[in-house]
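Student:
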Amino acid sequence: MKDFILLLRPVNCLMAGLAIIFSLWIGDVSEFNIFLLAFVSVFFICAGGMLINDFFDIEIDKINKPQKWKITKKYSKLLVIFSSIFFCIGIITSLFLGINAFLLAFFNSILLILYSFKLKRIIFIKNLVIAYLVASIFLYGGIISQNPAPIVLSLLAFVSNIGREIIKDVEDFEGDKKANIKTLAVAIGKFEASIFSISFMLCSIALAPLPYLLGIFSDAYLLLVLPCVLSFAYTCVLSLISPSKAVKWSKISMFLGLLAFIGGKLF
3 MKDFILLLRP VNCLMAGLAI IFSLWIGDVS EFNIFLLAFV SVFFICAGGM
53 LINDFFDIEI DKINKPQKWK ITKKYSKLLV IFSSIFFCIG IITSLFLGIN
103 AFLLAFFNSI LLILYSFKLK RIIFIKNLVI AYLVASIFLY GGIISQNPAP
153 IVLSLLAFVS NIGREIIKDV EDFEGDKKAN IKTLAVAIGK FEASIFSISF
203 MLCSIALAPL PYLLGIFSDA YLLLVLPCVL SFAYTCVLSL ISPSKAVKWS
253 KISMFLGLLA FIGGKLF
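Numbering (our numbering), first residue to last: 3 to 269.
1. Can you have a look at glycine 29 and say buried or exposed, based on whether 16 or more other CB atoms are within 10 angstroms of its CB?
2. Would you say phenylalanine 41 and isoleucine 23 are within 8 angstroms of each other, going by their C-beta atoms?
3. Could you check which residue in Pro229, Val249, Ala151 and Leu228 has the C-alpha nearest to that of glycine 217?
4. Tell me where the alpha helix (DSSP H) around glutamate 33 begins and ends.
5. By how many angstroms is the C-alpha of leucine 113 removed from the C-alpha of isoleucine 207?
6. Can you name the start and end residues of the alpha helix (DSSP H) that glycine 217 belongs to?
7. Mind the definition here: the segment 158-175 touches the segment 78-88 only if three or more C-beta pairs lie below 8 angstroms; say whether that holds.
8. State whether the segment 152-165 contacts the segment 254-269, with contact taken as three or more CB pairs (one from each stretch) at a distance under 8 angstroms.
9. Below 8 angstroms between beta carbons: does that hold for isoleucine 125 and lysine 192?
10. Less than 8 angstroms between the C-beta atoms of asparagine 110 and serine 138, yes or no?
11. How far does the alpha helix (DSSP H) with asparagine 149 in it extend, from its first residue to its last?
12. Give every residue of the same chain whose Cβ lies closer than 7 angstroms to the Cβ of serine 233, excluding the five residues on either side of it in the sequence, and list them in chain order.
13. Are glycine 92 and glycine 50 touching if we call contact CB-CB under 8 angstroms?
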């Protein structure tokens with residue numbers, strides 16, 4: 003059963019849950035029950051997505067990840083049963099957060115299933131879907147709080163995550179090519195994909211002042227976001243030199259961006 007629990011990626015689900023709490027805080031929500039319901043909704047929809055993805059990957063894992071395949075094959079029926087239960091918990095919980103929150107939770111649940119079944123095998127579409135799903139946590143917070151601030155942050159998260167997802171494909175180029183996995187990097191080449199990734203990172207840099215210009219954050223945000231901007235600029239350079247380092251620095255850049263959001267809200 004421990005192996006099955008690990009398939010949930012509890013740390014990832016917890017991070018998604020904490021992200022919605024942060025998003026609601028940005029949206030000036032103060033009611034504990036709203037935080038709790040939103041956390042439960044996001045956590046279980048994320049968990050459902052993890053399990054259904056593993057179910058559809060059983061045959062692929064037989065070749066690429068034989069150790070994991072032994073676990074997913076053993077729990078194949080439970081993967082479907084519990085993913086369905088978790089999706090239902092997440093969607094039903096969202097009903098208590100308003101009709102718009104319910105519609106987004108329902109849409110994201112369907113999208114997670116479609117992604118696992120088909121979309122992740124379509125060039126570039128998979129990158130867009132992952133970037134959207136990450137950004138949609140902020141969108142969810144904006145809908146629940148009825149505050150535009152988290153929605154603006156969702157735009158920044160969406161653009162920056164597209165760049166990160168593409169450079170991850172570049173990092174995995176050799177393995178994906180050998181395994182005949184169709185990614186943007188395999189389809190158009192490593193250099194071209196890196197340039198495409200850089201274009202999105204540059205867009206995220208250009209959009210960085212937006213929360214300040216819209217009056218969402220204080221003057222302190224402009225100073226606090228500078229390390230994030232410089233880190234993203236460095237990531238752009240690394241994308242052409244060392245994709246693996248670029249992936250690591252893109253994560254650092256996003257963490258610095260998160261700190262800037264927190265500082266901009268606090269100060």
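For glycine and all other residues, C-beta sits at the position ideal for the given N, C-alpha and C.
As the structure is a computational prediction, the values presented were derived from the model and not from experiment.
Tutor: Answer, in terms of the structure:
1. buried
2. yes
3. Ala151
4. Segment: none, glutamate 33 is in no alpha helix (DSSP H) and carries neither H nor E.
5. 28 angstroms
6. Note, glycine 217: premise wrong, no alpha helix (DSSP H); not H, not E.
7. no
8. yes
9. no
10. yes
11. It is not in any alpha helix (DSSP H) - asparagine 149 carries neither H nor E in the DSSP assignment.
12. Trp251, Ile254, Ser255 and Leu258
13. yes
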